[in-house]
Amino acid sequence: MEKNMRLASILAAAAMVLCLGQGASADLTWYGDGALPGGPGTWDAVAPNWSPDGTTFQTWANGENAIFETAGGIVSLDSAVTLGNLTFSADGYSIVGTLPENTLSFDADKTITTDSNAAISAVITGNGFTKAGLGALTLSGENTLTGGTILSAGTLNLNNAAALGTTNAALVINGGSLGNTSGTDITLAGNRAVTVNGDFGFSGTNALN
82 MEKNMRLASI LAAAAMVLCL GQGASADLTW YGDGALPGGP GTWDAVAPNW
132 SPDGTTFQTW ANGENAIFET AGGIVSLDSA VTLGNLTFSA DGYSIVGTLP
182 ENTLSFDADK TITTDSNAAI SAVITGNGFT KAGLGALTLS GENTLTGGTI
232 LSAGTLNLNN AAALGTTNAA LVINGGSLGN TSGTDITLAG NRAVTVNGDF
282 GFSGTNALN
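Each number in our numbering corresponds to the 1-based position in the sequence shown with 81 added.
Laid out in structure tokens, this is it:
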């Protein structure tokens, strides 16, 4: 009896630890120079330019939510990064990859929210994402996404035929606007299924097939 109670106690404690380990991703806000919120800087695994509370600073932790606010700028991706959700609440952010292997990937199918205009030319790999927010997101990298893309709001501009990945992953449009801003006609890579569930617009002077 005593052994059974002890075993039950151990199992309960282990279950609690497991649940705690599966908690939601934490929000980390970008401080480009390590002191002031927003602005340009280098995103890597070394610089303490992220803050969970505006007071304490830390290096980037894979799997957390990245928030870019206050003032835009060029953010140079200097290592491979895995993240939860990605939010741009200020205008003018551009995430660029310094090397092809310095990629962005999502921990699971997550959300990119743009409240204004933002651009990503770094390669996005792995799981798909949902585009939310009323702002515009421009993708110009040769992305290797294997998951689907959902456009829920705002504008999603494609500057590359592989912007949504090179596989047959689906594109679902629930609203917003899809644009071709590459300056040339684009044929989306792969035999991609496109599902339209709501009204949407198209922008750009070139075709998107």
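Built from N, CA and C at the ideal position, the CB exists for glycine as well.
LEU215 versus THR179 - alpha carbon distance: The count along the sequence shown starts at 1 and reaches residue 215 at position 134. The count along the sequence shown starts at 1 and reaches residue 179 at position 98. Going by the C-alpha atoms only, they are around 29 Å apart.
Mapping the DSSP letters down to three states, classify THR192 as helix, strand or coil. Within the sequence shown, the letter at position 111 stands for residue 192. The answer is strand: DSSP assigns THR192 an E or B state.
Alpha carbon to alpha carbon, how far is THR140 from ASP266? Position 59 of the sequence shown, counted from the first residue, corresponds to residue 140. Position 185 of the sequence shown, counted from the first residue, corresponds to residue 266. Roughly 41 Å separates the two Cα atoms.
Indicate the three-state DSSP secondary structure (helix, strand or coil) for ALA107 in the structure shown. Sequence index remark: in the sequence shown, residue 107 carries index 26 (1-based). Three-state result, ALA107: coil.
Under 6 Å from any heavy atom of the ligand GDP, does the C-beta of ALA243 make it? Inclusion of the ligand GDP in the displayed structure is not the case, the ligand content being empty and no account of it being possible.
Please list, in chain order, all residues of the same chain as GLU150 whose beta carbon is under 7 Å from its beta carbon, the five residues on each side excluded. Numbered from 1 along the sequence shown, position 69 holds the residue referred to as residue 150. Counting only Cβ-Cβ distances below 7 Å, and skipping sequence neighbours, we find THR110, PRO118, GLY119, SER170 and ALA171.
Looking only at its own chain, which residues have a Cβ that is under 6 Å from the Cβ of ALA274, when we skip the five neighbours before and after it? By 1-based counting over the sequence shown, the position of residue 274 is 193. For ALA274, where only same-chain residues beyond five positions count, the Cβ hits under 6 Å are ALA251.
So what's GLY120 in DSSP terms, helix, strand or just coil? Here residue 120 refers to the residue found at position 39 of the sequence shown. DSSP places GLY120 in coil when its eight states are reduced to three.
Would you report the Cα separation of GLY282 and ALA105, rounded to the nearest angstrom? As a working mapping, residue 282 is identified with position 201 in the sequence shown. As a working mapping, residue 105 is identified with position 24 in the sequence shown. About 34 Å.
Using 7 Å as the threshold, is the C-beta distance between ILE176 and ALA203 below it? Taking the sequence shown and counting its residues from 1, the one referred to as residue 176 is at position 95. Taking the sequence shown and counting its residues from 1, the one referred to as residue 203 is at position 122. Yes; because the gap between Cβ atoms is below 7 Å, this pair is in contact.
Among the residues of its own chain, which have a CB less than 7 Å from the CB of ALA210, if the five just before and after it don't count? Within the sequence shown, residue 210 is the residue found at index 129, counting from 1. The identity of residue 210 in the sequence shown is Phe, whereas the question assumes Ala. Correct list, in chain order: PHE187, ASP190, LYS191, THR192, ILE193 and THR230.
For THR262, which residues in the same chain have their Cβ closer than 8 Å to its Cβ, ignoring the five residues on either side in sequence? Residue numbering aside, residue 262 sits at position 181 when the sequence shown is read from its first letter. Contacts found: THR219, ASN238, LEU239, ASN240, SER284 and GLY285.
When the Cα atoms are used, what is the spatial distance from ASN278 to THR123? Position 197 of the sequence shown, counted from the first residue, corresponds to residue 278. Position 42 of the sequence shown, counted from the first residue, corresponds to residue 123. The alpha-carbon atoms of ASN278 and THR123 are separated by roughly 39 Å.
Of the residues THR236, SER197, ASN166 and THR136, the one placed nearest ASN208, counting alpha carbons only: Within the sequence shown, numbered from 1, the residue matching residue 208 stands at position 127. Cα-wise, what sits closest to ASN208 is ASN166.
Beta bridge counterpart(s) of TRP131 as assigned by DSSP: Position 50 of the sequence shown holds residue 131. In the DSSP output, where bridge partners are listed per residue, TRP131 has TRP111 and GLN139.
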